[in-house]
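Chains A and B, in that order, give the protein sequences. Those letters in the first sequence? Residues 1 to 394, per the working numbering, in order. Those letters in the second sequence? Residues 1001 to 1254, per the working numbering, in order. Written below as structure tokens is the structure these notes are about.
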Amino acid sequence: MKGIFHRLPSLASDYSGACGVLLEMGGLTVLCDASGCAGSFLVLDDPRWHSGPQRFYCAALRERDIVLGFDQKLAGKIEKTYQVMGGDFVALVGTPVPTIVATDYRGLCRALERRTGAPAIGIGTTGLEWYDAGQRKTYEMLLERFQNSSAPAAADVHVIGATPLDMWDQNQTRDLLDLLRTCGAERPAAWGMLGGGLPEIAGISRSRLNVAVSVSALPIVRGLRERFGTPYLIGYPIGEKAERAWSARAAALLRGEGAQPLFSPGPARPGPRALILGEQVAAESLRTLLLGELGFGQVDVATYFTLDCQLARPEDRKLVEEDDLAQLIREREPYDVILGDPLLRGLLPDPAVRYVELPHTAISSRAFWNRSPNCLGEKGSRWFREKLGDLAAK
Amino acid sequence: MKKFAIYGKGGIGKSTFTSALSAAVAGMGYRVMQIGCDPKADSTANLLGGREQVSVLNWLREHDGETPKLEDIVSVGYNGVCCIECGGPTPGIGCAGRGIVTTFTLLDELGAFQAYRSDFVFYDVLGDVVCGGFAAPIRDGYADEVLIITSGEKMALFAARNIYYAVENFRDRDYAGVRGVVLNRRNIAEEEARVRAFADEAEVPMIGDIPRDPAVQQCENRNQTVVEGAPDCPAARAILAIARELTDGVQPGE
């Protein structure tokens, strides 16, 4: 049935993507909703809510607030909340309710800045797009508002795109930052994780290297290269071999050497065939492991989220409808293994196909959060060799 | 680029005035765009000689899910004025105010102002600032200044006062401010004094006084503005004077 998901739950929405980026940025995040969107994000889409207090405020809009024009009332509520909770800035995050009445975030932010004395930004999320669109809009707005060419460099390497919606937790983020240190980074930081916040964004023009670890960060690192000439890396190393290659590239770029590193497509060759279902940069990183270390002959990627055409290979596919996945698999039979979120398994035409579960919060929320592997570097080799068994080359 | 939003009571002559003002400013060598923000989509009729203009919302309704090209929704009228009509939703349902924001967002995405290198943009807005959508023309990034057009009639001044206070209400948002009041005469008693009293109360200048002139109706019947059809008539001269004031200090193509 077109236009309706009836076997998958609602995937993470753009406002969840925005809130996920903002939650640890040091600001007061205000979700302009009735409360259901806040519930979706806090209860389902982000595990951090359960780990301690956050500067997060649900506007709790009611019918009369909308019909009568809620801006003044909302501004008053935010001002009072800000006085109690504080924060480096205020971020208004949109949902379907303000979208319908075309709330003017720019104007509302001006008023809030006068009331609170803190900078305010509005993220025009609508609830009508997926989480990656909300993440991208948030990164763009943070850059537009806070990047300052005269600010000092709070970090020399910036990891952009790591949020729990793409299964990034503190441990994996810390491991990646540690790896960057071994490549020559002095003060690597991850935006919105482990303390990476406004000072880092302000000084981004002095970055030596930017690393995009999810598809929402691709337009950001490309834009930063255009504006400031900063080199970038796409993806992160899964597996021993990939870690060596990735580290060598990162180190070369930090020394000011090397060409722009994109994954280079190779021709199909003998070996098992795999289909990866998931966020494109994570899938690309995993494809490198399967093709480069585990002896796979062909690896395709399919995603319900953004498929970046520069990064995609010709066989990769953007999925829209639930049935698109079964259709793709019938066209491409036989895959020896499919890797993806546990809930996507229910869409497969043959439930007996070999399937490796890779939880993705943006699809299955926190349901499988604790089953997510930290696959960075050598750990990835071990984990995937165990899961793929005889399919993986010795 | 300078952008003005024209507000006033329904039926006061906003579209007639705005079209004549666009024609006058364009005749002075400037590139002009007029955007009708009324579901009736009749703001630019006098600039287009009666040609039908496809409104943006009508185009979107008839091409579900598609994005128009600028030439699909922009017509070039008298003196090269670029004419756009927001239009409205299906009568009786939908949301006209939201439709204006949808249109503005689309025009931004299509780069309309840059594509036509407009020196002046005039938003002709439905009667009153009734909701967020009809306030869109005065939001940050759209109109720089507001013109309020009124006669000396009680209800016209009532609407003018409401518009003024609505605009003032947005002062903390850096929205457009009121540039001035235009008197469009109905020839009632003490008309100028009444309108001047309002302007003084609001502390804004009266920037024009358009006399009651039969040429306006005669031209309108021919789908023309007075600037085109009767450029020497008193009403046309008054509008040309306003055009000179608004363009003062602005060079074409600046």
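Even glycine gets a Cβ: it sits at the ideal position worked out from N, Cα and C. Here the structure is a predicted model, which means the values were calculated and not measured.
What's the gap between the Cα of residue 1097/B and the Cα of residue 1105/B?
Residue mapping note: residue 1097/B aligns to position 97 of the second sequence, counting from 1. Residue mapping note: residue 1105/B aligns to position 105 of the second sequence, counting from 1. Whole-angstrom Cα-Cα distance: 13 Å.
Go ahead and pull the three-state DSSP assignment for residue 321/A.
The residue you call residue 321/A lines up with position 321 of the first sequence. DSSP places residue 321/A in the coil class of the three-state scheme, outside both helix and strand.
Counting only beta-carbon atoms, is residue 101/A nearer than 8 Å to chain B?
Residue mapping note: residue 101/A aligns to position 101 of the first sequence, counting from 1. With 8 Å as the cut-off, residue 101/A counts as an interface residue toward chain B.
Less than 8 Å between CB atoms is the rule here; does residue 1173/B satisfy it with respect to chain A?
For the purposes of this step, residue 1173/B is taken as the residue at position 173 of the second sequence. Yes, residue 1173/B counts as interfacial toward chain A.
Neighbourhood of residue 262/A by C-beta distance below 6 Å, restricted to the same chain and skipping five residues each side
To locate residue 262/A, count along the first sequence from 1; it is residue 262. At residue 262/A, the pLDDT of 48 sits below 50, so the modelled position is not reliable; the number obtained from the coordinates is stated separately. Taken in chain order, the list of residues that qualify is empty.
Cβ neighbours of residue 66/A in the same chain (closer than 7 Å, five flanking residues each side left out):
Taking the first residue of the first sequence as 1, we reach residue 66/A at position 66. The beta carbon of residue 66/A lies closer than 7 Å to those of 97, 101 in the same chain, with the five residues before and after it left out.
Contacts of residue 107/A in chain B (Cβ-Cβ under 7 Å):
The sequence position of residue 107/A within the first sequence is 107, counting from 1. Those are 1139, 1140, 1170, 1173, 1175, listed as they occur along chain B.
Express the C-alpha separation of residue 1109/B and residue 1152/B in angstroms, rounding to a whole number.
The residue given as residue 1152/B occupies position 152 in the second sequence. The residue given as residue 1109/B occupies position 109 in the second sequence. Roughly 41 Å between the two C-alpha positions.
Per DSSP, residue 188/A is paired with what?
As a position in the first sequence, residue 188/A is number 188, starting the count at 1. Residue 188/A is bridged to 157/A.
Within 8 Å (strictly less), CB to CB, does residue 91/A reach chain B?
Mapped onto the first sequence, residue 91/A falls at position 91. Chain B, which has no Cβ nearer than 8 Å to the Cβ of residue 91/A, makes this no.
Closer than 8 Å, CB to CB, is residue 133/A near chain B or not?
The residue labelled residue 133/A in the question sits at position 133 within the first sequence. Closer than 8 Å: no.
What does the Cβ neighbour count give for residue 1224/B, buried or exposed, with the cut at 16 atoms within 10 Å?
In the second sequence, the residue the question calls residue 1224/B occupies position 224. By the neighbour-count criterion, in which 16 or more other beta carbons inside 10 Å mark a residue as buried, residue 1224/B falls on the buried side.
Tell me whether residue 995/B is buried or exposed, calling it buried when 16 or more other Cβ atoms sit within 10 Å of its Cβ.
Within the shown structure, residues of chain B are numbered from 1001 to 1254, placing residue 995/B beyond reach of any answer.
Skipping 5 residues on each side, what residues in its chain have a beta carbon closer than 6 Å to that of residue 129/A?
Indexing the first sequence from 1 puts residue 129/A at position 129. Excluding sequence neighbours, residue 129/A sits near 14.
Residue 1004/B and residue 1182/B - do their beta-carbons sit closer together than 8 Å?
For the purposes of this step, residue 1182/B is taken as the residue at position 182 of the second sequence. For the purposes of this step, residue 1004/B is taken as the residue at position 4 of the second sequence. Against a cut-off of 8 Å, the Cβ pair of residue 1004/B and residue 1182/B comes out as no contact.
I need the DSSP call for residue 232/A, collapsed to helix, strand or coil.
By one-based count along the first sequence, residue 232/A stands at place 232. Of the three classes helix, strand and coil, the one that applies to residue 232/A here is strand, per DSSP.
Which partner residues of residue 1180/B appear in the DSSP bridge assignment?
Numbered from its first residue, the second sequence carries residue 1180/B at position 180. Answer is 1147/B, bridged to residue 1180/B.
Mind pulling the chain B residues with CB within less than 7 Å of residue 104/A?
In the first sequence, the residue the question calls residue 104/A occupies position 104. Within chain B, the residues near residue 104/A are 1132, 1139.
Taking 8 Å as the CB-CB cut-off, is residue 111/A touching chain B?
Within the first sequence, the letter at position 111 stands for residue 111/A. So yes, residue 111/A belongs to the interface.
Since residue 337/A is in the alpha helix (DSSP H), which residue starts that stretch and which ends it?
As a position in the first sequence, residue 337/A is number 337, starting the count at 1. Note, residue 337/A: premise wrong, no alpha helix (DSSP H); beta strand (DSSP E) at 337-340.
Round the Cβ separation of residue 17/A and residue 87/A to the nearest angstrom and send it over; I've been treating them as touching at under 8 Å.
Within the first sequence, residue 17/A is the residue found at index 17, counting from 1. Within the first sequence, residue 87/A is the residue found at index 87, counting from 1. Residue 17/A to residue 87/A, Cβ: 20 Å. No contact.
Assuming contact is defined by CB atoms lying nearer than 8 Å, are residue 1119/B and residue 1245/B in contact in what I supplied?
Taking the first residue of the second sequence as 1, we reach residue 1119/B at position 119. Taking the first residue of the second sequence as 1, we reach residue 1245/B at position 245. Result no, Cβ atoms of residue 1119/B and residue 1245/B do not sit closer than 8 Å.
Closer than 9 Å between beta carbons: that is the criterion. Which residues of the region 1091-1102 of chain B meet it against chain A?
Listed in sequence order: 1095, 1097, 1098, 1100, 1101, 1102.
Using 8 Å as the limit for Cβ to Cβ distance, is residue 136/A near chain B?
Taking the first sequence and counting its residues from 1, the one referred to as residue 136/A is at position 136. Cβ-Cβ to chain B under 8 Å: no for residue 136/A.
Given 8 Å as the limit, is there contact between the region 184-202 of chain A and the region 137-154 of chain A, that is, 3 or more CB pairs closer than that?
The region 184-202 of chain A and the region 137-154 of chain A touch, with no fewer than 3 CB-CB distances between them shorter than 8 Å.
Is it the case that the Cβ atoms of residue 1101/B and residue 1146/B are separated by a distance below 8 Å?
Here residue 1101/B corresponds to residue number 101 of the second sequence, with the count starting at 1. Here residue 1146/B corresponds to residue number 146 of the second sequence, with the count starting at 1. Contact flag unset, no.
Contact with chain B by residue 114/A, beta-carbon distance below 8 Å
The residue given as residue 114/A occupies position 114 in the first sequence. Judged by the 8 Å Cβ criterion, residue 114/A is in contact with chain B.
When you compare only the Cα positions, how much space is there between residue 1094/B and residue 1038/B?
For the purposes of this step, residue 1094/B is taken as the residue at position 94 of the second sequence. For the purposes of this step, residue 1038/B is taken as the residue at position 38 of the second sequence. Rounded to whole angstroms, residue 1094/B to residue 1038/B spans 14 Å at the Cα level.
Does the region 242-252 of chain A come within contact of the region 266-284 of chain A, defined as at least 3 CB pairs closer than 8 Å?
no
Within its chain, find whatever has a CB closer than 8 Å to the CB of residue 385/A; leave out the 5 residues flanking it on each side and keep chain order.
Working through the first sequence from its first residue, we reach residue 385/A at position 385. Closer than 8 Å at the Cβ level, and outside the excluded window around residue 385/A, lie 294, 392.
Pick out whichever of 127/A, 46/A, 9/A has its Cα sitting closest to the Cα of residue 395/A.
With chain A covering 1 to 394 only, the question about residue 395/A has no answer from this structure.
Would residue 287/A pass as a contact of residue 335/A if the rule is Cβ separation under 8 Å?
Taking the first sequence and counting its residues from 1, one reaches residue 287/A at position 287. Taking the first sequence and counting its residues from 1, one reaches residue 335/A at position 335. Taking 8 Å as the Cβ cut-off, residue 287/A and residue 335/A do not qualify as a contacting pair.
Chain-ordered chain A contacts of residue 1199/B [CB-CB under 8 Å]:
In the second sequence, the residue the question calls residue 1199/B occupies position 199. Going along chain A, no residue has its Cβ under 8 Å from residue 1199/B, so there is no contact; the nearest lies around 26 Å.
Tell me, to the nearest whole angstrom, how far the beta carbon of residue 56/A is from that of residue 42/A; I am working on the premise that it is less than 8 Å.
On the first sequence, position 56 is the one that residue 56/A refers to. On the first sequence, position 42 is the one that residue 42/A refers to. Confirmed, about 7 Å.
Count the other CB atoms, across all protein chains shown, that sit within 10 Å of the CB of residue 135/A; report buried if there are 16 or more and exposed otherwise.
By one-based count along the first sequence, residue 135/A stands at place 135. With 16 or more other Cβ atoms within 10 Å, it is buried.
For residue 50/A, which option in 39/A, 59/A, 60/A has the closest C-alpha, if you only look at C-alpha atoms?
Locating residue 50/A in the first sequence gives position 50, where the first residue counts as 1. The shortest CA-to-CA distance from residue 50/A to any of 39/A, 59/A, 60/A is the one to 39/A.
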